[in-house]
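Asker: Under our numbering, the first residue of the sequence shown is numbered 115, with each subsequent residue one higher.
Think of the CB as a built atom: it goes at the ideal place given N, C-alpha and C, for glycine as much as any other residue.
A single structure is presented below for examination.
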Amino acid sequence: MFVPLWRGMRATMRGDATTAAMLAAELDDLVASTGSPNAALLADVARMVRLIGENRTDDAYRLVRPMLDMVPGAPAWVVALLAARSGSEEARAMMDEFVATRPVQPRDGEWLPLIATTGDAAVIVGHRPAAELAHRLLAPYAGLFAIEGLAAGTWGSVDAFLGRLAHFLGRADEARSHFAAALDLDAAAGAALAERTRRWAGLRAAPARPERPEVGSFRRDGEVWALSFAGHTVSLRDAKGLRDLAALLGHPGHDVHVGELADGPTDLGDAGPLADRQAVHAYRRRLIDLDDELADARATNDPARGERAAIERDALIAELSAVTGLSGRARIAAAPVERMRKAVTNRIREAISRIERVHPALGRHLKLAVQTGTFCSYRPEHPVDWQLRG
115 MFVPLWRGMR
125 ATMRGDATTA
135 AMLAAELDDL
145 VASTGSPNAA
155 LLADVARMVR
165 LIGENRTDDA
175 YRLVRPMLDM
185 VPGAPAWVVA
195 LLAARSGSEE
205 ARAMMDEFVA
215 TRPVQPRDGE
225 WLPLIATTGD
235 AAVIVGHRPA
245 AELAHRLLAP
255 YAGLFAIEGL
265 AAGTWGSVDA
275 FLGRLAHFLG
285 RADEARSHFA
295 AALDLDAAAG
305 AALAERTRRW
315 AGLRAAPARP
325 ERPEVGSFRR
335 DGEVWALSFA
345 GHTVSLRDAK
355 GLRDLAALLG
365 HPGHDVHVGE
375 LADGPTDLGD
385 AGPLADRQAV
395 HAYRRRLIDL
405 DDELADARAT
415 NDPARGERAA
425 IERDALIAEL
435 SAVTGLSGRA
445 RIAAAPVERM
455 RKAVTNRIRE
465 AISRIERVHP
475 ALGRHLKLAV
485 QTGTFCSYRP
495 EHPVDWQLRG
């Protein structure tokens, strides 16, 4: 269950709500098959972090509130954060308790995210004593991230919370210093975290894309590729790794299963929509709706509604299991996938190394933007208008 849990966390950090919801549905199936209360709690924590990131705090509150009665040592301070965002007096009472206990929780893996969210709640509710205490407790952890147990989710850099608290407490210079550090850390971790930190720092959001995207080309003529980027063009002999790169450049932001690359695409021109793409998109949107419906059914104790949603979700996932990646091929057994993963990763890395030797700027761009593994992707910091022909 850890693979969809951790991939879901990364998708939430990027702000990719569609992928995060689909992975949440996969995680729920695995949790149901284990029957483990701890696994169910991890899934709920992951969902809570995602809901808060989407500003759906009322839904998150309904999800987390029962934890206080069900689980000893449940995250009361997270509930305080949610209550504060909902305008509840419960949050101020919890802040009073936090200051009175100073606090008594052991400093385990749950401690840092709980103190960070407590600080956020203190700022929202305007509770200065709680803010001062949270700031003092968090200060030694500057430079780290507040991560929920076993990486179910992350609240981002501790520096962002320290900056928020310092600003609330009237320490302007300290706030600027922490926000500067937080912007570097959170921007490297994910777009959604960076956007939140910019908002806390009172900065304008970074533009989603430049007005005039850079233009590049990846074109093959027989056995030779012509690669253009940043005003410089080079030629390289054909190789499967170059074809893999061209396939990824043609679908920026998409995860492509190695099974889609293993045979080496032969026609990378303007191929139009990929097979089953519209159907997969529709399934994913419906899975998001069903994920929300299941959470609401659980929060309102409506098992009949939850069962109907679960049945429909299982049927959708069964249909989706017939395809992987973007082109609709059937799922591939684990051992062949591992062999393909190694082969595709090696040839992509070799292709990037070849490019870097003759075109350093393009090589650096691809090193930073191309991710390899069972799923490969091209996620550039700034978009490039690629002209492709293979």
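Are the stretch 153-162 and the stretch 335-347 touching, with three or more C-beta to C-beta distances below 8 Å?
Answerer: The stretch 153-162, when compared against the stretch 335-347, does not touch it at the 8 Å Cβ threshold.
Asker: Quick one: give me the first and last residue of the beta strand (DSSP E) that residue 271 is part of.
Answerer: It spans 268-271 - the beta strand (DSSP E) in which residue 271 sits, taken as one unbroken run.
Asker: Taking the C-alpha atoms as reference points, what is the distance between residue 144 and residue 411?
Answerer: So the two alpha carbons sit approximately 19 Å from each other.
Asker: In three-state DSSP terms, what is residue 503?
Answerer: Strand.
Asker: Cα separation between residue 487 and residue 371?
Answerer: Going from the Cα of residue 487 to the Cα of residue 371 covers about 8 Å.
Asker: What does DSSP give as the partner residues of residue 339 in its beta bridges?
Answerer: Residue 339 is bridged to 334 and 350.
Asker: In terms of DSSP beta bridges, what is residue 492 paired with?
Answerer: The partner list for residue 492 (beta bridge, DSSP) reads 484.
Asker: List the DSSP bridge partners of residue 212.
Answerer: Partner(s): none; residue 212 has no beta bridge.
Asker: Which residue comes first and which comes last in the beta strand (DSSP E) that contains residue 260?
Answerer: Run containing residue 260: 259-261, per the beta strand (DSSP E) assignment.
Asker: Alpha carbon to alpha carbon, how far is residue 345 from residue 477?
Answerer: The straight-line gap from Cα to Cα measures roughly 14 Å.
Asker: Taking C-alpha atoms, which residue in 264, 256, 409 and 287 lies nearest to residue 115?
Answerer: Looking at the Cα atoms, 264 is the closest of the given residues.
Asker: Work out the CA separation of residue 275 and residue 251 for me, nearest whole Å.
Answerer: Using only the alpha carbons, I get a separation of about 11 Å.
Asker: Tell me, which residues are paired with residue 371 by DSSP?
Answerer: For residue 371, which the question treats as bridged, DSSP gives the partners 489.
Asker: Secondary structure at residue 328, three-state DSSP: helix, strand or coil?
Answerer: Note: residue 328 maps to strand in three-state DSSP.
Asker: Taking the C-alpha atoms as reference points, what is the distance between residue 240 and residue 249?
Answerer: Between residue 240 and residue 249, the C-alpha separation is close to 14 Å.
Asker: Do you know offhand how far residue 210's Cα is from residue 253's?
Answerer: C-alpha separation (whole angstroms): 21 Å.
Asker: State the CB to CB distance for the pair residue 306 and residue 129, rounded to an integer number of angstroms; the pair is presumed to be in contact (CB under 8 Å).
Answerer: Their Cβ separation, rounded to whole angstroms, is 3 Å, which keeps residue 306 and residue 129 in contact under 8 Å.
Asker: Taking 6 Å as the limit between beta carbons, can you name the residues of its chain near residue 320, skipping five residues before and five after?
Answerer: Caution is warranted here: a pLDDT of 49 is assigned to residue 320, below 50, making its placement in the model unreliable, and no coordinate value can be reported.
Asker: Note down the Cα distance separating residue 328 from residue 460, rounded to an integer number of angstroms.
Answerer: About 28 Å.
Asker: Using a threshold of 8 Å, state whether the C-beta atoms of residue 462 and residue 484 are closer than that.
Answerer: Cβ distance < 8 Å, so residue 462 and residue 484 count as in contact.
Asker: Check whether the stretch 126-141 and the stretch 225-244 are in contact - that is, three or more C-beta pairs closer than 8 Å.
Answerer: No, the stretch 126-141 is not in contact with the stretch 225-244.
Asker: Compute the Euclidean distance between the alpha carbons of residue 403 and residue 426, then round it to the nearest angstrom.
Answerer: Distance between the alpha carbons of residue 403 and residue 426 is about 11 Å.
Asker: Quickly, what does DSSP pair residue 498 with across the bridge? List them, please.
Answerer: According to DSSP, which records beta bridges pairwise, residue 498 is partnered with 328.
Asker: Find the nearest neighbour of residue 166 within the set 269, 120, 204 and 147, judged by alpha-carbon distance.
Answerer: Residue 166 has its Cα closest to that of 269, out of 269, 120, 204 and 147.
Asker: Given a cut-off of 8 Å, decide if residue 256 and residue 237 are closer than it, judged by their beta-carbon atoms.
Answerer: No, these two residues do not count as a Cβ contact at 8 Å.
Asker: Span of the alpha helix (DSSP H) holding residue 414?
Answerer: Segment: none, residue 414 is in no alpha helix (DSSP H) and carries neither H nor E.
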